[in-house]
DNA sequence: TCTTTCGATGAACAGCGTTAAGTCAAGGAT
DNA sequence: ATCCTTGACTTAACGCTGTTCATCGAAAGA
């Protein structure tokens, strides 16, 4: 009964092919400027075929972003793993590195970041789709929260710092600088590195004892 | 020769009517979900008439946002004026109030905020349109910078704080929290007020002596 | 060989932003 | 009073869009 398996394999392959074509177009041209017909053309299938694999255009983009944010999670995991190897790591420095990874990830994948966080969602669809517990973006947020908690329990942070509140505030801050740099690259910002470091450092200083 | 004047008056009236209809639709339903045809229907004119008054849909939205951000500038001016009346004002508290005004403005005009800062711009058009020097948004940023400078020159901030860098960093932080709250209102954030205050307070603490 | 299954498609729908050509009333000129 | 011009406005259309539905056709099972 290898037939069903071969078919299934082909199905997942085609699905992957669609995802890759869509990713390339979305990343280079942005969500709004890519049509289903162009994606179909790129993979040399009919536009309707895509709908056999993805509910609609938004779902397709969501899956593309999931793949990308999986990479972000993996970078966090690498960081986590490197900590296990080292002798002893300053929890605050660990947190700082995580925040830097986050911002750099956004700067290196601007269109994914735009779509995931800077695109007006379709009406009626929950805007919080990317925020649901089982998404890659939320998994990444989990790493951030963990790093913050480490700072709290080891007494690096001031008394009374709430882990959840602090995590959200830090996320908001790094999201802010990432979003502005990604969306308005032409704006005469101070040097990117300096600005990113400034946001991260000032926030951390605000929390640190 | 009152004829030309009457015509000109009628023209500006109709222009205003279009702006108001567009504002209501955009604010209630979001940029992407409002069509030129629906705006035209609302004002009981043909869709093409709108193009006699605005270059295209994006230009129309830009003008709507300019009107709204003018309100933000006015709120900053009010704050500035209230300072002139008072005996002596702590520059840091003045800055904090400005930041709070900014965030609350975004939370009170979520769709304007989305369009101005969270909408993927059309291809080929400069994304930095809202960032050009003569826009209302940039005028508002000028107020922020001024408030930061006041903190720097009165010695409220740590040594070596760069006014431009600090202004951008603060803007990034408040933009971040505003953007996340506006875009993902369903996310189980900590209480809005607390989160906003956390971001602002930690940043200010990071700068303050 | 006949039937069923199901992935893929062509044609179509309703809507979009935008443009070119045309209409028609009002104002100025003779 | 008639003609001409101006210009605000509309009608019709173009080339798109995302999406759906009925249909086709090849491969698998009976």
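Chains as they are written, first to last, in the working numbering: chain Z, 2 to 210; chain A, 2 to 210. A virtual CB, placed ideally from N, CA and C, is assigned to each residue, including glycine. In this text the structure is predicted, and so the values were computed from the model without any measurement.
| Check | Outcome |
| --- | --- |
| Assign residue 159 (chain Z) to one of three DSSP states: helix, strand, or coil. | coil |
| Which residue's Cα is closest to the Cα of residue 1 (chain Z): A:38, A:46, A:184? | A query on residue 1 (chain Z) cannot be resolved here, the shown segment of chain Z reaching from 2 to 210 and no further. |
| Please state if the CB of residue 207 (chain Z) and the CB of residue 180 (chain A) are separated by a distance shorter than 8 Å. | no |
| Can you pull the chain Z residues whose beta carbon is under 7 Å from the beta carbon of residue 103 (chain A), in chain order? | Ordered by position in chain Z, no residue passes the 7 Å Cβ test against residue 103 (chain A), which lies about 12 Å from the chain. |
| Roughly how many angstroms separate the alpha carbons of residue 135 (chain Z) and residue 59 (chain Z), rounded to a whole number? | 18 Å |
| At the 8 Å Cβ level, is residue 148 (chain Z) part of the contact set with chain A, yes or no? | no |
| Hey, quick one: how far does the alpha helix (DSSP H) through residue 199 (chain Z) stretch, first residue to last? | 193 to 208 |
| DSSP three-state call for residue 2 (chain Z): helix, strand or coil? | Residue placement at residue 2 (chain Z) is flagged as unreliable, the pLDDT there being 49, under the threshold of 50; a coordinate-derived value is accordingly withheld. |
| Tell me whether residue 110 (chain Z) sits in a helix, a strand or coil according to DSSP, three-state version. | coil |
| Does residue 200 (chain A) have its Cβ less than 8 Å from a Cβ in chain Z? | yes |
| What is the DSSP secondary structure of residue 56 (chain A), reduced to helix, strand or coil? | coil |
| Anything in chain A within Cβ reach of residue 63 (chain Z), meaning under 8 Å, just list it in chain order. | By Cβ distance, chain A contributes nothing, its closest Cβ being about 14 Å from residue 63 (chain Z), past 8 Å. |
| Going straight from the alpha carbon of residue 83 (chain Z) to that of residue 89 (chain Z), what length do you get? | 11 Å |
| Among A:38, A:194, A:173, A:192, whose alpha-carbon lies nearest the alpha-carbon of residue 204 (chain A)? | A:173 |
| Should the stretch 152 to 161 of chain Z be regarded as contacting the stretch 85 to 99 of chain A, the criterion being three or more beta carbon pairs within less than 8 Å? | no |
| Using DSSP with H/G/I as helix, E/B as strand and the rest coil, what is residue 36 (chain Z)? | coil |
| Please decide whether residue 115 (chain A) counts as near chain Z, where near means a Cβ-Cβ distance under 8 Å. | yes |
| State the start and end residues of the unbroken alpha helix (DSSP H) segment that holds residue 186 (chain Z). | Counting along the chain, residue 186 (chain Z) falls outside any alpha helix (DSSP H), and DSSP gives it neither H nor E. |
| Quick check: what's the CA-CA separation for residue 43 (chain Z) versus residue 143 (chain A)? | 46 Å |
| Would you say residue 36 (chain Z) faces chain A, with C-beta separation under 8 Å as the test? | no |
| In terms of residues, what are the limits of the alpha helix (DSSP H) holding residue 131 (chain A)? | First-last for residue 131 (chain A): undefined, no H or E at that position. |
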